[in-house]
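Visitor: Residue 52 is where the sequence shown starts when you use this note's numbering, and the numbers rise one by one after that. Even for Gly, the Cβ is constructed at its ideal location relative to N, Cα and C. Just so it is clear, the structure is predicted and the values come from calculations on it, not from any experiment. Here it is, the structure in full.
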Amino acid sequence: MASETQTQTAPMAPLRKGPLTSTWRENKKSWGFWERSMDTLGLHPTNLDMPIPVFKKTDPVPHIPAWLMHRWIIVHAFAPLAIHQAYVFVMGKNMPTWGAFLFYAFALKFGAIHQIHSMRWMGHRFGFLDGDKFARDSVPDGHVGKVTASLLSTASLRPIMFLMLTYKHSQSPMEGLSWKWLLLEVGLYGIVLDFWFYWYHRVMHDNDSLWKFHRTHHLTKHPNPLLTLYADEPQEFFDIAVIPFLTWGSLKLMGFPMGFYDWWVCSQYVIFSELVGHSGLRIHLIAPNPFSWLLQYFNCELIIEDHDLHHRTGWKKSHNYGKQTRLWDRIFGTFRKEGRIETTPEAIDYVNTVPMPIFFDSTEPVVYKPGQQTVTTNSGSEGRCDEELLKEHHA
Numbered sequence: 052m053a054s055e056t057q058t059q060t061a062p063m064a065p066l067r068k069g070p071l072t073s074t075w076r077e078n079k080k081s082w083g084f085w086e087r088s089m090d091t092l093g094l095h096p097t098n099l100d101m102p103i104p105v106f107k108k109t110d111p112v113p114h115i116p117a118w119l120m121h122r123w124i125i126v127h128a129f130a131p132l133a134i135h136q137a138y139v140f141v142m143g144k145n146m147p148t149w150g151a152f153l154f155y156a157f158a159l160k161f162g163a164i165h166q167i168h169s170m171r172w173m174g175h176r177f178g179f180l181d182g183d184k185f186a187r188d189s190v191p192d193g194h195v196g197k198v199t200a201s202l203l204s205t206a207s208l209r210p211i212m213f214l215m216l217t218y219k220h221s222q223s224p225m226e227g228l229s230w231k232w233l234l235l236e237v238g239l240y241g242i243v244l245d246f247w248f249y250w251y252h253r254v255m256h257d258n259d260s261l262w263k264f265h266r267t268h269h270l271t272k273h274p275n276p277l278l279t280l281y282a283d284e285p286q287e288f289f290d291i292a293v294i295p296f297l298t299w300g301s302l303k304l305m306g307f308p309m310g311f312y313d314w315w316v317c318s319q320y321v322i323f324s325e326l327v328g329h330s331g332l333r334i335h336l337i338a339p340n341p342f343s344w345l346l347q348y349f350n351c352e353l354i355i356e357d358h359d360l361h362h363r364t365g366w367k368k369s370h371n372y373g374k375q376t377r378l379w380d381r382i383f384g385t386f387r388k389e390g391r392i393e394t395t396p397e398a399i400d401y402v403n404t405v406p407m408p409i410f411f412d413s414t415e416p417v418v419y420k421p422g423q424q425t426v427t428t429n430s431g432s433e434g435r436c437d438e439e440l441l442k443e444h445h446a
């Protein structure tokens, strides 16, 4: 039985002078180019003037069906390919490499921004994990430019790298897509990428000399999608280029075609999981993959709470190193032994499911009902960093 909804204002948490202090959104007079750009594009993970629902740890967690995510990804993956094919039909020739770069870099940015908008809407409807104790960390003061540039780099460097490796002017999307292999490529791409990411990620935690390149990313205990690439430059380079290249090369060695258009579809699945995995949304969402059903059968599927707990309950010594699956954590024994906290099997609400609008939804979100109260966002509760983390940061 759902409890009566109550609305109250969260107590103002004391501002802490730490690496994740975030007050810049409230002082528009101090904004520069990057702050205005982030605001214009609507990249904020929450709206300061809208309430966020807060739930107890034992309240039901709504489920999002896999087909809704596949639909969302397929639309955003194939719409650019359809436009590209139309260009070939009208112009009678393929796009030049530079034109394809501009087009697909824009398409990748557009899809990612749309996903951030959708996740913000979902956050104001379904709340966030551990939301009864902490608000989500926001983009830190003085780092807006770095965060924005990192996101733009991902949306630019990945397309240009794979265009140089795989783009063929003689093949349109219809001709270049490996239709008979595509489903298998998409499924294996996420699993193989997760293998490379798992070991690179785990080694950075286990090795003292490499931890310094990863510790910045772990300053956030309650991340949001914009902090997906909040890291030092070496980690950014591996995340953006090295791990995707190793994955592509591995599938090529296995004998898969992995042309540009195949890679494009694969990348849409990976980017979706990368962003939603840092969202902290209080929903039961399994990282989309054509083989999710098989991973789930062996208890190797990854949901939002798994990576959230990697940040929240881990520091240098951690667990749940995978970012697309828990397969390699299961095989090598690094999954979180204590299990999940809020998204336990008995807590999943399969009746009141989560919508995933394909198009922008500007309506005010209707708050999910079971046993919840709502609180108003305040900047004082954003940018929290636990005392142990702050002491180490200033050591």
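So, does the stretch 302-320 touch the stretch 218-232, judging by three or more C-beta pairs under 8 Å?
Guide: yes
Visitor: Would you check if the distance between the CB atom of R333 and the CB atom of E393 is smaller than 8 Å?
Guide: Within the sequence shown, the letter at position 282 stands for residue 333. Within the sequence shown, the letter at position 342 stands for residue 393. Yes, they are a contact pair.
Visitor: Please look up how many angstroms separate the CB atoms of R171 and H95, rounded, as I've assumed it's under 8 Å.
Guide: As a position in the sequence shown, residue 171 is number 120, starting the count at 1. As a position in the sequence shown, residue 95 is number 44, starting the count at 1. Confirmed, Cβ separation roughly 7 Å.
Visitor: Output the boundary residues of the beta strand (DSSP E) element that contains F106.
Guide: Counting from 1 along the sequence shown, the entry for residue 106 is found at position 55. Element bounds for F106: 102-106.
Visitor: When DSSP labels each residue in this structure, what does H114 get in the three-state scheme?
Guide: Locating residue 114 in the sequence shown gives position 63, where the first residue counts as 1. Strand.
Visitor: Between I211 and the rest of its own chain, which residues show a CB-CB distance below 8 Å, the 5 nearest in sequence each way excluded?
Guide: On the sequence shown, position 160 is the one that residue 211 refers to. Cβ neighbours of I211 beyond the five flanking positions: F152, A156.
Visitor: I'd like the ranges of any alpha helix (DSSP H) spanning at least 4 consecutive residues and lying wholly in the stretch 224-293.
Guide: 224-227, 230-257, 259-262, 284-288
Visitor: To the nearest angstrom, how far is the alpha carbon of Y138 from that of G300?
Guide: Along the sequence shown, read from residue 1 onward, the residue named residue 138 stands at position 87. Along the sequence shown, read from residue 1 onward, the residue named residue 300 stands at position 249. For Y138 and G300, the distance between alpha carbons rounds to 30 Å.
Visitor: Short of 6 Å in beta carbon distance, which residues of its chain neighbour M101, apart from the five on each side in sequence? Order them along the chain.
Guide: The residue you call residue 101 lines up with position 50 of the sequence shown. If we look at M101 and ignore the five residues flanking it on each side, its Cβ neighbours are H175.
Visitor: Under three-state DSSP, which class holds I211?
Guide: Against the sequence shown, residue 211 aligns to sequence position 160. Helix.
Visitor: Using 8 Å as the Cβ pair cut-off and three pairs as the minimum, do the stretch 253-264 and the stretch 367-376 touch?
Guide: Two segments are said to touch when three or more pairs of C-beta atoms, one from each, lie closer than 8 Å; by this definition the stretch 253-264 touches the stretch 367-376.
Visitor: Taking the C-alpha atoms as reference points, what is the distance between L244 and P295?
Guide: To locate residue 244, count along the sequence shown from 1; it is residue 193. To locate residue 295, count along the sequence shown from 1; it is residue 244. Whole-angstrom Cα-Cα distance: 7 Å.
Visitor: Taking just the CA atoms, how far does Y419 sit from K107?
Guide: Translated into positions along the sequence shown, residue 107 becomes position 56. Translated into positions along the sequence shown, residue 419 becomes position 368. Taking the straight line from one Cα to the other gives about 13 Å.
Visitor: Assign H335 to one of three DSSP states: helix, strand, or coil.
Guide: For this step, residue 335 is matched to residue 284 along the sequence shown. H335 carries a strand assignment under DSSP once its states are collapsed to helix, strand and coil.
Visitor: Could you give the first and the last residue of the continuous alpha helix (DSSP H) run that contains I382?
Guide: Numbered from 1 along the sequence shown, position 331 holds the residue referred to as residue 382. Start and end: 378-383.
Visitor: Where does the unbroken alpha helix (DSSP H) through E325 begin, and where does it stop?
Guide: Counting from one through the sequence shown, the residue named residue 325 turns up at place 274. Where E325 is concerned, the enclosing alpha helix (DSSP H) stretches over 311-328.
Visitor: Helix, strand or coil, according to DSSP, for I354 in the structure here?
Guide: The residue you call residue 354 lines up with position 303 of the sequence shown. In this structure, I354 counts as strand in the three-state DSSP scheme.
Visitor: By Cβ distance below 6 Å, which residues in the same chain neighbour Y249 in space, the five residues on each side in sequence not counted?
Guide: For this step, residue 249 is matched to residue 198 along the sequence shown. These residues qualify, in order along the chain: Y372, G373, W379.
Visitor: Residues in its own chain within less than 6 Å of S324 by CB, not counting five upstream and five downstream?
Guide: Walking along the sequence shown from the start, residue 324 turns up at place 273. Excluding positions up to five away in sequence, the list reads A338, Q375.
Visitor: With A186 as the anchor, note down where its alpha helix (DSSP H) starts and where it stops.
Guide: Translated into the one-based positions of the sequence shown, residue 186 becomes position 135. Careful: A186 lies outside any alpha helix (DSSP H) and carries neither H nor E.
Visitor: Which residues mark the beginning and the end of the alpha helix (DSSP H) in which W366 is found?
Guide: By 1-based counting over the sequence shown, the position of residue 366 is 315. Taken as a continuous stretch (DSSP letters only), W366 belongs to no alpha helix (DSSP H), as it is neither H nor E.
Visitor: For P131, count neighbouring Cβ atoms within 10 angstroms of its own Cβ and tell me buried if that reaches 16, exposed if not.
Guide: The residue you call residue 131 lines up with position 80 of the sequence shown. P131 is buried by the Cβ-count criterion.
Visitor: Determine the contact status of C351 and R387, defining contact as a CB-CB distance below 8 Å.
Guide: Working through the sequence shown from its first residue, we reach residue 351 at position 300. Working through the sequence shown from its first residue, we reach residue 387 at position 336. Remark: C-beta atoms of C351 and R387 do not approach each other more closely than 8 Å.
Visitor: Quick one, are the C-beta atoms of I354 and G331 less than 8 Å apart?
Guide: Within the sequence shown, numbered from 1, the residue matching residue 354 stands at position 303. Within the sequence shown, numbered from 1, the residue matching residue 331 stands at position 280. Result no, Cβ atoms of I354 and G331 do not sit closer than 8 Å.
Visitor: Excluding the five sequence neighbours on either side, which residues of its own chain have a C-beta within less than 7 Å of the C-beta of S343, listed in chain order?
Guide: Within the sequence shown, the letter at position 292 stands for residue 343. Around S343: A117, I337, E352.
Visitor: So for I392, helix, strand or coil by DSSP?
Guide: The residue given as residue 392 occupies position 341 in the sequence shown. Reduced to three states, the DSSP call for I392 is coil.
Visitor: Going by C-alpha distance, which of P104, R87, V198, Y312 is nearest W275?
Guide: Within the sequence shown, residue 275 is the residue found at index 224, counting from 1. Looking at the sequence shown, residue 275 is not Trp but Asn. Among P104, R87, V198, Y312, the Cα nearest to that of N275 belongs to V198.
Visitor: Hey, how far is the Cα of V126 from the Cα of S260?
Guide: As a first step, residue 126 must be located in the sequence shown, where it is residue number 75. As a first step, residue 260 must be located in the sequence shown, where it is residue number 209. Roughly 43 Å between the two C-alpha positions.
Visitor: Could you tell me if G384 is buried or exposed, where buried requires 16 or more neighbouring beta carbons within 10 angstroms of its beta carbon?
Guide: On the sequence shown, position 333 is the one that residue 384 refers to. Burial call: exposed.
Visitor: Roughly how many angstroms separate the alpha carbons of T148 and F410, rounded to a whole number?
Guide: For the purposes of this step, residue 148 is taken as the residue at position 97 of the sequence shown. For the purposes of this step, residue 410 is taken as the residue at position 359 of the sequence shown. If I take the Cα positions, the gap works out to 29 Å.
Visitor: For the alpha helix (DSSP H) that R87 lies in, which residues bound it at each end?
Guide: Locating residue 87 in the sequence shown gives position 36, where the first residue counts as 1. It spans 84-91 - the alpha helix (DSSP H) in which R87 sits, taken as one unbroken run.
Visitor: Report the rounded CA-to-CA distance for Q286 versus H265, giving the unit in angstroms.
Guide: For the purposes of this step, residue 286 is taken as residue 235 along the sequence shown, with counting starting at 1. For the purposes of this step, residue 265 is taken as residue 214 along the sequence shown, with counting starting at 1. Straight-line Cα distance between these residues: approximately 7 Å.
Visitor: With the cut-off set at 8 Å, would you say L302 and L239 are in Cβ contact?
Guide: Here residue 302 corresponds to residue number 251 of the sequence shown, with the count starting at 1. Here residue 239 corresponds to residue number 188 of the sequence shown, with the count starting at 1. Taking 8 Å as the Cβ cut-off, L302 and L239 qualify as a contacting pair.
Visitor: Report back the beta-carbon spacing between I124 and Y320 to the nearest angstrom; my notes put them in contact at under 8 Å.
Guide: Numbered from 1 along the sequence shown, position 73 holds the residue referred to as residue 124. Numbered from 1 along the sequence shown, position 269 holds the residue referred to as residue 320. So it is a contact: roughly 6 Å between Cβ atoms.
Visitor: So is K144 buried or exposed if we call it buried at 16+ other beta carbons inside 10 Å?
Guide: The residue given as residue 144 occupies position 93 in the sequence shown. Exposed, because fewer than 16 other Cβ atoms sit within 10 Å of the Cβ of K144.
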